[in-house]
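What follows is one structure encoded as structure tokens, with my remarks underneath.
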Amino acid sequence: MCGIVGYIGRKEAKPIILNGLSRLEYRGYDSAGIATIESGKLTTIKSLGRVSDLEKVPGMESLKGTLGIGHTRWATHGKPSRENSHPHMDNSESFAVVHNGIIENYADLKDFLKDNGYTFLSQTDTEVIPNLIHFHYSVSTETGNKKFIKAVTDTCNMLKGSYALEILANDYPDNMIVVRKDSPLVIGKGQDEKYISSDIPAILSFTKDFYLLNDNEFAFMSRENIEFFDKNLRPISKTAQSITWNAGAAEKEGFEDFMLKEIHEQSKSIRETIGSRITENGSSSIPDIDVSKDYLKSVNKIFIIACGTAMHAGYVGKTIFESLCEIPVEVEAASEFRYRNPIINEKTLCLFISQSGETADTIAALKLAKSCGARTIAISNVIGSSISREADYTVYTHAGPEIAVASTKAYTAQIALLAIIAIHFAEILELNEEKVNELKKDILELPNQIDEVLKTKEQIKQFAQRVYKETDMFFIGRGVDYAVALEGSLKLKEISYIHSEAYPSGELKHGPIALIENNVTVISVLTNRMLVEKSVSNIQEVSTRGAKTFIVTNQELNHSFDTVINIPKTNVLISPILSVIPLQLLAYYISKEKGLDVDKPRNLAKSVTVE
Ligand code: G6P
């Protein structure tokens, strides 16, 4: 994971870098560091902990350089410590490097460097990089800029693994080199200045024009110029793309936390994700996916592959696709799929869901599916993300930047988009016209209904105040309600650190009910009219054993239960978009009651770019 930021221009680099780093802290917050060049001299300052701790380190006030690099770390190799913090320098302190990713062959490279007289101060994989650059630089016969550039490309040609790098050199006080392979990096363009970052929102307040680097592409920058080239030093021409997100989208805008803001943004993000893709009377339109009826008829299996919350959206997608398109769907964690030789061929359609578009396991699974002949569709929230560049087709959720580590608005936008894609395919296949038309109408009503659901937040807050000290909770549901239960349980674990399990309601009696005793909290989701009776029986089973019950439902229940959150009625296929919101709010308020950092839960990172 880790976040990197850089600046080269005419302003002081430090405040720009610290600002960017604090916005990238969702990617890791074990330590932070910065390097700048001033009067031809490289200076690095690092600190254990957060960016706010780095700001207080003595010497920070005198960093005045107008080019610099910064890093916020999520520890992989080497425990969180000052010496393992980035930037790392070579032994002669001529090069400074920040790195996001993992160098898989770092042990071999370390041995190679040790044999050549280099020593190491940290336990990180990264420290080999500045030393390798120094090694190549010192034996180089090149001159001028090419000497620096070639030392970097020669180094990268020895690295195995993933990396986004920013590199400064004492001998080049007016230049910076950046490169990426399997880790994200964007370059924002200003007037005689460049902003570098792991993601767009971190630097959105400075520029809206971005160069997107592909794997193994390098950029050599001065204040005025930027040259792109590949690992064989062949020049590449690139044009900057303009991003439509506004800077406010990456601010809290009056909310206490990003998570709360993002929960409240869901009507907007669903409205924007729907866009003009469906209308009440016309046919659906997804120009990004160009598939024929013959092709769809040949598809005998759909895989939906993702990680975390995105995978939970996939579980809902499975029900929608099977119901409308009549094609069997399997949902799988990318980290499992990629290592188990799945049966895939040209009759398999694989959908990959990733908010960030940078999750390492999801990208690897996508590459595997492609190599086996499957067609691939990516669903991502980030324009130009790695996954979007690998897939045959990419469709974007328009949820806007999601900053809180725990995903909320991206999840509901993913479900909406899965439903829209399923509708589109069913229309191409000329299947289930009536169901499709009903679902379209119901999707279009969602934004207003979301605002209705948000009105339940006081009731949810009160329940959170009653249960926040508990250590275990259970989530139950049937069908798509079970899929939502999985997501509710994940949200609770992620931000409140309370152990919870999600079970299909009908499975309770096969084991978990043994754990139900007086005062245990059981959270149920109940939105399927056909299953009301059965689900109510399951809730009664736990209630008679003393459980506190919290029920999210759009059905009339003929029994009185502890806390019932009533949400608007909608099509069961998309009901998760509404029923998940009370669970997001419950996790949020419990976390707040416990006094935790909602947006940056311990040990987690938003974008998992390591395997
Ligand atoms: C991490 C995040 C989750 C997210 C998952 C997949 O675990 O903490 O919130 O759901 O990665 O991320 P992606 O960007 O691929 O959707």
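Going by this note's numbering, the first residue of the sequence shown is number 516, and it counts up by one from there.
In this text, a Cβ means the ideal position worked out from N, Cα and C, and glycines have one as well.
Any idea if C1044 is buried or exposed, counting beta-carbon neighbours within 10 angstroms, 16 or more meaning buried? On the sequence shown, position 529 is the one that residue 1044 refers to. In the sequence under discussion, the amino acid at residue 1044 is Arg, which differs from the Cys named in the question. So R1044 counts as exposed.
DSSP three-state call for H601: helix, strand or coil? Taking the sequence shown and counting its residues from 1, one reaches residue 601 at position 86. In this structure, H601 counts as coil in the three-state DSSP scheme.
On a CA-only basis, which of I842, A941 and S798 is nearest K816? Give me that one, please. Within the sequence shown, residue 816 is the residue found at index 301, counting from 1. With distances taken between Cα atoms, K816 lies closest to I842.
For Y997, the first and last residue of its enclosing alpha helix (DSSP H): By 1-based counting over the sequence shown, the position of residue 997 is 482. Looking at the DSSP string, the run of the alpha helix (DSSP H) that includes Y997 is V995 to S1011.
Under 8 angstroms by Cβ, that's how I've got S713 and G518 pegged, so tell me the actual separation to the nearest angstrom. Stepping through the sequence shown from its first residue, residue 713 is reached at position 198. Stepping through the sequence shown from its first residue, residue 518 is reached at position 3. Indeed they touch by this definition, with Cβ atoms about 5 angstroms apart.
Would the beta-carbon of T824 fall within 9 angstroms of that of S903? By one-based count along the sequence shown, residue 824 stands at place 309. By one-based count along the sequence shown, residue 903 stands at place 388. No. Outside cutoff.
Report the option in E771, A849 and L563 whose CA atom is closest to the CA atom of D1114. The count along the sequence shown starts at 1 and reaches residue 1114 at position 599. Nearest option by C-alpha distance: E771.
The beta strand (DSSP E) that contains V701, what's its start and end? On the sequence shown, position 186 is the one that residue 701 refers to. It spans V701 to G705 - the beta strand (DSSP E) in which V701 sits, taken as one unbroken run.
Suppose the cutoff is 8 angstroms on Cβ atoms and the five residues either side in sequence are ignored; what does the same chain contact list for S1011 look like? Here residue 1011 is taken as the residue at index 496 of the sequence shown, counted from 1. Excluding positions up to five away in sequence, the list reads Y983, A1102, I1105, S1106, K1109 and L1111.
Under three-state DSSP, which class holds F650? Taking the sequence shown and counting its residues from 1, the one referred to as residue 650 is at position 135. Correct three-state label for F650: helix.
Using 10 angstroms around the beta-carbon of Y854, count the other beta-carbons present and answer buried if the total reaches 16, otherwise exposed. Here residue 854 is taken as the residue at index 339 of the sequence shown, counted from 1. Per the 10 Å Cβ criterion, exposed.
Residues in its own chain within less than 7 angstroms of L932 by CB, not counting five upstream and five downstream? The residue you call residue 932 lines up with position 417 of the sequence shown. Closer than 7 angstroms at Cβ, skipping near neighbours: T788, I894, V910 and T912.
How many angstroms separate the CA atom of K753 from the CA atom of F663? Counted from its first residue, the sequence shown places residue 753 at position 238. Counted from its first residue, the sequence shown places residue 663 at position 148. If you take the alpha carbons of K753 and F663, they lie about 22 angstroms apart.
If you draw a straight line from the C-alpha of V701 to the C-alpha of T1085, how long is it? Taking the sequence shown and counting its residues from 1, one reaches residue 701 at position 186. Taking the sequence shown and counting its residues from 1, one reaches residue 1085 at position 570. Approximately 40 angstroms, taken between the alpha carbons.
Nearest-angstrom beta carbon gap, A679 and P699 [assumed within contact, 8 angstroms]: Along the sequence shown, one-based indexing puts residue 699 at 184. Along the sequence shown, one-based indexing puts residue 679 at 164. Confirmed, about 6 angstroms.
Do K882 and the ligand G6P come close, with the Cβ less than 8 angstroms from some heavy atom? The residue you call residue 882 lines up with position 367 of the sequence shown. False, no ligand heavy atom lies under 8 angstroms from that Cβ.
Closer than 8 angstroms: is that where the CB of T874 sits relative to any heavy atom of the ligand G6P? For the purposes of this step, residue 874 is taken as residue 359 along the sequence shown, with counting starting at 1. Indeed, a heavy atom of the ligand G6P lies less than 8 angstroms from the Cβ.
Straight-line CA distance for T863 to E953? The sequence position of residue 863 within the sequence shown is 348, counting from 1. The sequence position of residue 953 within the sequence shown is 438, counting from 1. If I take the Cα positions, the gap works out to 28 angstroms.
Beta-carbon proximity check, I711 vs E732, cutoff 9 angstroms: Here residue 711 refers to the residue found at position 196 of the sequence shown. Here residue 732 refers to the residue found at position 217 of the sequence shown. No, the Cβ-Cβ distance between I711 and E732 is not below 9 angstroms.
Quick one: Cα of I975 to Cα of G769, how far? Numbered from 1 along the sequence shown, position 460 holds the residue referred to as residue 975. Numbered from 1 along the sequence shown, position 254 holds the residue referred to as residue 769. Cα to Cα, the separation comes out at about 21 angstroms.
Is it the case that the CB of Q756 approaches a heavy atom of the ligand G6P more closely than 8 angstroms? Position 241 of the sequence shown, counted from the start, is the residue given in the question as residue 756. No.
Where F978 and T1078 are concerned, what is the direct C-alpha to C-alpha distance, given to the nearest angstrom? For this step, residue 978 is matched to residue 463 along the sequence shown. For this step, residue 1078 is matched to residue 563 along the sequence shown. C-alpha separation (whole angstroms): 8 angstroms.
By Cβ distance, which residues of its chain are closer than 8 angstroms to L539, with the 5 residues on each side in sequence left out? Residue 539 sits at position 24 when you count from the first residue of the sequence shown. Excluding residues within five positions, the ones whose Cβ falls inside 8 angstroms are G518, I519, V520, T587, S712, S713, D714 and A717.
Among G555, K594, S600 and N599, whose alpha-carbon lies nearest the alpha-carbon of L460? The question about residue 460 has no answer, for the chain in this structure spans 516 to 1126.
Excluding five sequence neighbours on each side, which residues of the same chain lie with their C-beta closer than 7 angstroms to the C-beta of D460? Residue coverage of the chain in this structure runs from 516 to 1126, which leaves residue 460 outside it and unanswerable.
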